[in-house]
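Residue numbers (the working numbering), protein chains in the order written: chain A, 814 to 1238; chain B, 814 to 1238.
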């Protein structure tokens, strides 16, 4: 993409009312726009990152049998009354609205109820199970406090998968698979080492749920981490009983702040009981379906990535999430022919590049923008590099700079396994 | 995809309260689920169709310089007060809700206001123009009557592009390009011949807007079509003055019912004036930005396709929108090895197939499901076809049946230019 044609501009200052570092950087770099507290729009660069994260999640969900659907935001009151979750004194973060005829509607903050009801039409026999529908869809939560940028919004994208199983054994086996899939997702964006499977409060059907907590000072949660065992305990269940259950000792745990980047829940028959979601087994006997829910917020994950991978100059995207694989800078009018050629060669090789071809920006402005936007590889074409017959390559993360022949460079970028160009403009 | 693993099932009857043919068929075939009047969820098959349509639209929008972003549903009252569109007596289809602190919020029924405000941060100079941001995003409209299935919903996906131009000339040139791009979109889903550029009411800044109206008995609009000139006039502006403007005579026009599948509007400086969206020209002079808006509802388009391409047995998807390129049916346990081989060969050739491998469905049920689901090519592997060393191929649209060698068939399907498998499971 030509940067001269990209309609967003970077800015020096974030809005004054923005306190979260992730949102400050993302706004300054032109990735998101703050509509109001806790409500952010995604601009072209930001949407590219979000789509990359969504695709990583989709791949892992599909690999464990997930089937994607797309439920609605508008929610029918009567459906939520079945589980007593319509009442504002039970669920305190509903956004509610009304039809012209006065009927109350809600905006979905989660989707167990409507999906369980929907699945009644498709699940009758043991042959219809298991089933793993999931969606990447907008949730609405009427939060009182929103100070964490895109990590906690009033409107945000969520990947929610729900499992429908015949029995505990089938449920547990999928639950473990989902846990592994989640691990893969966090690893592929570079958060594997600092993300812990964390024991948190369960519900009526299981003692604990599992959160995926990424250690980070900007996190809203407190967890107790066992480095050795690579697990953690959420403060909400951190007591002697839990430590005993998990065979952990206080001495081996360290208190850390963390961001909850995912969570998985065993729901038992709570929702299938409420909606009479039963199946008939091989012997003609009826049983309630066993359910689980598995959530990741792609926007929150994007925010966590920015919190962790950034420095005083800007964002440092991990390659899997980056809006482009390389950022090509052309410095000076005299070099534009050579820089154009490098850009075209990259495109032909299937390497996604943002090409800073602007005539009205100085070298200093281009360097500052590149650091702020944070694409993993910065390539520079300048009179100096042309003199040497090479291109300057800089790694945003390590700061390492190298002069490379163009051919060698393109080959390197391809072998670095940059994703093939889905959309080159 | 294995049909035995697809969690949705077809059904004989649509819900009793459903009156629209598109929704009846889509519900029966397991493409959508009715949450309540005018609110539909997309099930896996339906989401595949919707994604195909979205990709067709994206391709054309990107080709004319569109840059995708993603705005929010939650809307700030103060932003809409600038244009006097917050008031329910001015805009009668708002859904409104409230923050915990009592502040009123709206759910976006369109996005001119927040986008114009947003663009102020990115447009200052003539160098920043033109700009063509677009999104594919959920709109909410509090409609009183919803009887057209997924063609008119209270919650629905919309592609809305907005143009920001320096002057009328630049605006008009893009407007014509957008018109052409829209034509390409409707042609690629097979509606080109019956979709008319239709003159409709304009606004303060242009005499007419342009709708794309697809002739169909299920349509909610009345238009007057000139077959010769390939244009039409919407009933709302059908008077002597308009006919004179367009050089049309009553005699050459035919009254038809039609579905509005797209519309494009010149907005002039209505929104840029309200938000002070100006730019500075080469001489340092300030001018307001000229705007336009360009909408297509992917769900409505999907509904229109079903209204037009269906028969008494079910849906007849055009290839570009179909959830899969082929529907492979295995009839009888004895043939499963051969059918599995055909399925694997199709996958390897990059042909997307739904494989009806169910053991518990009769041949009659499989045929009926295939007709209802409406995938363009039905392939049958049965004891009879194996005896001949061939596969039976049926065209859903023409009903034509042919016996073909498997190799020849796979070659044919590839040359038919079926889309490459994005996701094979």
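By construction, the Cβ of each residue, glycine as well, lies at the ideal position given by its N, Cα and C atoms.
Since this is a predicted model, take the numbers as computed values, not measurements.
For residue 886 of chain A, a Cβ of chain B is located within less than 8 Å of the residue's own Cβ. Taking 7 Å as the Cβ-Cβ cut-off, the stretch 959 to 986 of chain A approaches chain B at 967, 968, given in chain order. Rounded to whole angstroms, the separation of the alpha carbons of residue 927 of chain A and residue 892 of chain A is 7 Å. Within chain A, the residues whose beta carbon sits less than 7 Å from that of residue 855 of chain B are 882, 883, listed in sequence order. Under the 10 Å beta carbon count, residue 1146 of chain B is surrounded by fewer than 16 other beta carbons and is classified as exposed.
In the structure shown, residue 943 of chain B adopts coil according to DSSP, grouped into three states. In this structure, the alpha-carbon of residue 917 of chain A lies about 26 Å from that of residue 897 of chain B. Listed along chain B are 820, each with a C-beta nearer than 7 Å to that of residue 944 of chain A. Among the bridge pairs identified by DSSP, residue 977 of chain B is matched with B/944, B/1104. In summary, residue 828 of chain B is exposed, with fewer than 16 beta-carbon neighbours lying within 10 Å of its beta-carbon over all protein chains present.
When Cβ-Cβ separations below 8 Å define contact, residue 933 of chain A makes no contact with chain B.
Against residue 955 of chain A, the close residues of chain B are 912, 913, in the order they occur along the chain (beta-carbon pairs closer than 7 Å).
In the DSSP assignment, no residue is bridged to residue 921 of chain B.
Taking residue 909 of chain B as reference, the option from A/929, A/887, A/964 with the minimal CA-CA separation is A/887. With fewer than 16 neighbouring CB atoms inside 10 Å of its own CB, residue 989 of chain B falls in the exposed class.
Taking a beta-carbon distance threshold of 8 Å, residue 849 of chain A counts as an interface residue toward chain B. The beta carbon of residue 1140 of chain A does not come within 8 Å of any beta carbon belonging to chain B, so the residue lies off that interface. Around residue 1049 of chain A, the same chain offers 1013, 1014 as residues with beta carbons nearer than 8 Å, after the five sequence neighbours per side are excluded. The beta-bridge partner set that DSSP reports for residue 1216 of chain A consists of A/1205.
At least one CB atom of chain A sits nearer than 8 Å to the CB of residue 909 of chain B. Contact note: residue 852 of chain B reaches chain A through 885, 887, using a C-beta cutoff of 7 Å and chain order.
Taking every protein chain shown into account, the CB of residue 1154 of chain A has fewer than 16 other CB atoms within 10 angstroms, so this residue is exposed. Between residue 1091 of chain A and residue 1099 of chain A, the gap from beta carbon to beta carbon is short of 8 Å. Around the beta carbon of residue 1176 of chain A, fewer than 16 other beta carbons sit within 10 angstroms, so the residue counts as exposed.
Beyond the five residues adjoining it in sequence on each side, residue 925 of chain A comes within less than 6 Å, by CB distance, of 1084 in the same chain, given in chain order.
At least one CB of chain B lies nearer than 8 Å to the CB of residue 951 of chain A. Out of A/1131, A/1042, A/974, the CA that lies nearest to the CA of residue 1080 of chain A is found in A/974.
For residue 1028 of chain B, the uninterrupted beta strand (DSSP E) segment begins and ends at 1021 to 1028. Around the C-beta of residue 1172 of chain A, fewer than 16 other C-beta atoms lie within 10 Å, and the residue is accordingly described as exposed. Chain A places no beta carbon closer than 8 Å to that of residue 1184 of chain B, leaving this residue out of the contacts. For residue 839 of chain A, the enclosing alpha helix (DSSP H) covers residues 834 to 841. Residues of the same chain with a CB within less than 8 Å of the CB of residue 965 of chain A, apart from the 5 flanking positions on each side, are 851, 956, 959, 1033, 1113 in chain order. Taking 8 Å as the threshold, the shortest C-beta distance from residue 1100 of chain B to chain A does not fall below it. Residue range 1083 to 1087 is occupied by the alpha helix (DSSP H) that includes residue 1084 of chain B. Neighbours of residue 1169 of chain A in chain B, taken as residues at a C-beta separation under 7 Å, are lacking, since the least C-beta distance is about 14 Å. Rounded to whole angstroms, the separation of the alpha carbons of residue 819 of chain B and residue 880 of chain A is 8 Å.
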